[in-house]
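Visitor: Heads up: the sequence shown begins at 1 in full-length UniProt numbering, then just goes up one per residue.
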Amino acid sequence: MNKLKFTILILANLLLSPIYIILFIFCGILSIIPIFPTRIAKQNLSERLNINGIKANYYIALIYINYVFYFIEAFIFNILSINICIVTQDKYLNEALSLILKTHPLSQDRGCVFILPHMANVEMYSLPVIKIYSENQKTKVYALAQPSHFKFINKILYWYRKSPGLDVIWTDNKLFTHMENIIVKNKASICMLIDQKPKKGGLFINFFGKYSAFPSSGLRMCLNQNMAVIYVVAKRIIPGFLILKFRAGINAHLKNESSSQEINMDELIPAEIFNFEKIKEREKNTAIEMSYFVNWIENEIRQNPSQWCWDYKKWSREPSSN
Numbered sequence: 001m002n003k004l005k006f007t008i009l010i011l012a013n014l015l016l017s018p019i020y021i022i023l024f025i026f027c028g029i030l031s032i033i034p035i036f037p038t039r040i041a042k043q044n045l046s047e048r049l050n051i052n053g054i055k056a057n058y059y060i061a062l063i064y065i066n067y068v069f070y071f072i073e074a075f076i077f078n079i080l081s082i083n084i085c086i087v088t089q090d091k092y093l094n095e096a097l098s099l100i101l102k103t104h105p106l107s108q109d110r111g112c113v114f115i116l117p118h119m120a121n122v123e124m125y126s127l128p129v130i131k132i133y134s135e136n137q138k139t140k141v142y143a144l145a146q147p148s149h150f151k152f153i154n155k156i157l158y159w160y161r162k163s164p165g166l167d168v169i170w171t172d173n174k175l176f177t178h179m180e181n182i183i184v185k186n187k188a189s190i191c192m193l194i195d196q197k198p199k200k201g202g203l204f205i206n207f208f209g210k211y212s213a214f215p216s217s218g219l220r221m222c223l224n225q226n227m228a229v230i231y232v233v234a235k236r237i238i239p240g241f242l243i244l245k246f247r248a249g250i251n252a253h254l255k256n257e258s259s260s261q262e263i264n265m266d267e268l269i270p271a272e273i274f275n276f277e278k279i280k281e282r283e284k285n286t287a288i289e290m291s292y293f294v295n296w297i298e299n300e301i302r303q304n305p306s307q308w309c310w311d312y313k314k315w316s317r318e319p320s321s322n
C-alpha cells in the first residue's frame, strides 16, 4: 500500500470530519422521519435481521451516510487519486481457476465474469478496482451500467467508470449483442451487480429467510460463453479506503467429474431455489451459481449490515407473481 497516498487520505478525512459529523446528525434525523426509504429500511431490518428501535435508526443513519461517502469517493477522492483498495483473495481462488482452465480448454479463450452485490454502497467504486485483478488476466473488464433518462447522468457514469480504465456496456436493447461481441472477439471480462430486483422474471432464491427475485439473463449468457465466475464483495473501512474480497464461484458449468472432486469448495453452501425442479434445463447452471452467490453475500451482509442498501424493496415480489 502506498504510504503517502494513505497519509493524504487520512488527512483528507480528518479535514472533512466536521462535515461528516454534521451530515451524520442529519442522517440520524432522516432515520427517524417516516420518509419512504426509512420506512422500507426499518421494515427490512426488522423482518430480515430482527433489528428494531434505536439500533435500527443507527443502522439506517449509517446506510445514508454511506451514500454520502460514495459521492465523496467518486467526485473528490477519485479526482485526487487517493482512493485505496486492498484486494484479498480466497485461498482457493487461484487453484480453482487454474484447474477450471486446465480441465475446460474453451474457457482459456474467455475472460471471467465478476458478480457482486451493492455492498458498501460503492457499486461504481468497487468495479474499477477489479482492474487490479484484470492486469494478471491480460483482459479488459467491462462494467454493465443502466442508462439514465438524463444524458448528463450518463456522462457522469461513463466518466467515472472509464477514468480508471474500465469500459462500459449500457444495459439497453442491444446489451446481449454487445456482450457477445466483446466476450468472443475481445476475450473481455464482465462485472455485474446482481442483487437488484428485476421488474419481471428472474430467479427466486431464499435471501434472509424469504424468497426474493434475482436477475439471471446476463449471468446465463456469460455461463453459455464458458466464462469462469468470480464472486466479489466490497467493505468500506473509512471513506476512500476499501477491502475487496474475491472468491471463486462454484462454476458447475465448467467442471467435469474429476475437477469437481479436486476443487475444495466446502465453504460454499447454496441458498434454496424456488421450484428448482421446474426451472428449464438451460437455466439450471445459472440457478445453481446464483444460489451459491446469494448465500455467500447474505453471510457477508450479516457481518456488515450497515453497508448494504436496506432502503430498497428487495422482497416486494412474490414467487407467484413471477
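By construction, the Cβ of each residue, glycine as well, lies at the ideal position given by its N, Cα and C atoms.
For Trp310, collect the residues of the same chain with a Cβ closer than 7 Å to its Cβ; drop the 5 residues on either side in sequence, then sort them by chain order.
Guide: The residues are Ala41, Asn44, Leu45, Ile63.
Visitor: Could you tell me which whole beta strand (DSSP E) segments of length 3 or greater appear in the region 2–45?
Guide: Taking only runs of at least 3 residues, no beta strand (DSSP E) segment lies wholly in the region 2–45.
Visitor: With distances taken Cα to Cα, identify the nearest neighbour of Lys199 among Gly28, Lys174, Met290, Lys314.
Guide: If we check each option's Cα against that of Lys199, Lys314 comes out closest.
Visitor: Hey, Pro270 and Ile288 are a contact pair by Cβ (cut 8 Å); roughly how many whole angstroms apart?
Guide: With a Cβ gap of about 7 Å, Pro270 and Ile288 count as contacting.
Visitor: Rounded to the nearest angstrom, what separates His149 and Leu203 at their Cα positions?
Guide: Approximately 27 Å, taken between the alpha carbons.
Visitor: Starting from the C-beta of Arg220, find all residues in its chain whose C-beta is less than 7 Å away, skip the five residues before and the five after it, and write them out in chain order.
Guide: Result list for Arg220: Glu283, Thr286, in chain order.
Visitor: What would DSSP say about Ile72, mapped onto helix, strand or coil?
Guide: Reduced to three states, the DSSP call for Ile72 is helix.
Visitor: Does the Cβ-Cβ distance between Cys27 and Ile72 come in under 9 Å?
Guide: Not a contact, by the Cβ cut-off of 9 Å.
Visitor: Look at the alpha carbon of Ile19 and the alpha carbon of Tyr292, and state the distance between them as a whole number of angstroms.
Guide: Their backbone Cα atoms lie some 40 Å apart in a straight line.
Visitor: Taking the DSSP output, what are the residues bridged to residue 324?
Guide: No answer is possible for residue 324: the residues shown for the chain start at 1 and end at 322.
Visitor: Using 9 Å as the threshold, is the C-beta distance between Thr38 and Ile54 below it?
Guide: No, the pair does not count as a contact, with Cβ atoms beyond the cut-off.
Visitor: How is the alpha helix (DSSP H) around Gln108 delimited, first residue to last?
Guide: Note, Gln108: premise wrong, no alpha helix (DSSP H); not H, not E.
Visitor: Between which two residues does the alpha helix (DSSP H) harbouring Lys284 extend?
Guide: Element bounds for Lys284: 284–303.
Visitor: Which residue or residues does DSSP assign as beta-bridge partners of Val184?
Guide: Answer is none; Val184 lacks a bridge partner.
Visitor: Grouping DSSP H, G and I as helix and E and B as strand, with all else coil, what is Asn173?
Guide: Looking at Asn173 - three-state DSSP - the assignment turns out to be coil, as it is neither helix nor strand.
Visitor: Could you give the distance in angstroms between the alpha-carbon of His253 and the alpha-carbon of Thr7?
Guide: Cα to Cα, the separation comes out at about 45 Å.
Visitor: In whole angstroms, give me the CA-to-CA distance for Val294 and Lys235.
Guide: Approximately 17 Å between the Cα atoms of the pair.
Visitor: From the DSSP output, in three-state form, read off Tyr160 for me.
Guide: Helix.
Visitor: Using the three-state DSSP reduction, which class does Asn83 fall into: helix, strand or coil?
Guide: Reduced to three states, the DSSP call for Asn83 is coil.
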